[in-house]
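Here is the structure we will look at.
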Amino acid sequence: MAGRPLSPHLTIYRWPMTMAMSIAHRVTGSALYVGTLLLAWWLIAVASGPTAYATFQMVAGSWIGRLVLFGYTWALVHHMIGGIRHLVWDTVHGLEPGERDWWARATLFGSVALTILLWLLAYFITGGLRS
Amino acid sequence: MTMRTPLARVRGLGASRTGTDHFWWQRMTAVANVPLTIAGIVIVISLLGRNHAATAQILASPLIAIILLLFILSITNHMRIGMQVIIEDYVHEEKLKIALIMLNVFYVVAIFIASAFAILKLSFGV
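As given, the protein sequences belong to chains A and B, one line each in that order. Residue 53 in this note's numbering sits at position 53 of the first sequence, and the numbers go up by one each step. Residue 237 in this note's numbering sits at position 106 of the second sequence, and the numbers go up by one each step.
Following this line, the structure appears as structure tokens:
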């Protein structure tokens, strides 16, 4: 690798919103890659029977379990909205200076708002902290 | 010794017409993931607060099972392609890179088979 010309170091740039969201897209994607284990575990637990399901529920319902699931929800929603933004950009729309920042901001605020909304809905359905 | 000209090779072989396969499937699965993820979230929310018997019964219903199977198929393929890009971006040592790319496939296939098996087991009983 040595001796080849390299592109300018990324660290010298001020972080624009689009760059931050590009990195966030990759980070949330990686988190979901690992987090899919939880989805597999949940399905296997249900298929295995009440005892295995109770173990899953105990872990998922714990303080740390809920924190991880909250993070998983945000990563999922963020990656989905970010993905939609990329699909729009694939059609060569929304790439003008003001537009691309709008999309990057919408990804962040939209994902945070939607995650909180989903969890409020979940708590409303289960009737509080301890269901 | 081949009698084919370089032009003929480029036209018919190599990455020709399949070079964008990776890019294309990442988009294909991305588009599929959007409605499937929304459906998945709706399913999970509708299961909140239910006991094991009710959860198992709902997951076993054909429509829910089919949606979940499509979801797991689409996301595991999306995961495989996405993680491969990340590996290729950051791992430059050839042997390690190949090992990680293989591990990536093992991981997503295991996730797919385990999840699909669980869903089918619930649907077909026993």
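Every residue, glycine too, gets a C-beta built ideally from N, C-alpha and C. This structure is a prediction, so every number in the text was calculated from the model and none was measured.
If you check the CB distance, residue 115(A) and residue 82(A) do not come in under 8 Å. Counting other Cβ atoms within 10 Å of its Cβ, residue 242(B) reaches 16 or more and is therefore classed as buried. If you ignore the 5 residues before and after residue 228(B), its C-beta comes within less than 8 Å of the C-beta of 218, 219 and 222, all in its own chain and listed in chain order. At a cut-off of 8 Å between C-beta atoms, residue 29(A) counts as an interface residue with respect to chain B.
In the DSSP assignment, residue 53(A) falls within the alpha helix (DSSP H) that extends over 50-61.
In the DSSP assignment, residue 99(A) falls within the alpha helix (DSSP H) that extends over 97-126. About 5 Å separates the Cβ atoms of residue 196(B) and residue 254(B), confirming a contact at the 8 Å cut-off. Residue 154(B) has its alpha-carbon roughly 20 Å from the corresponding atom of residue 202(B).
The Cβ atoms of residue 207(B) and residue 76(A) do not sit closer than 8 Å to each other. Contact between the segment 31-45 of chain A and the segment 87-97 of chain A is absent: fewer than three C-beta pairs spanning the two stretches fall below 8 Å. A straight-line Cα-Cα distance of about 16 Å links residue 178(B) and residue 49(A). The CB of residue 165(B) comes closer than 9 Å to the CB of 80, 83, 84 and 87 in chain A, given here in chain order. Short of 7 Å from the beta carbon of residue 194(B), and not among the five residues preceding or following it, lies no beta carbon of its own chain. Not a single CB atom of chain B sits nearer than 8 Å to the CB of residue 38(A). Chain A places a beta carbon closer than 8 Å to that of residue 246(B), counting this residue as a contact. In the three-state reduction of the DSSP assignment, residue 13(A) falls in the coil class.
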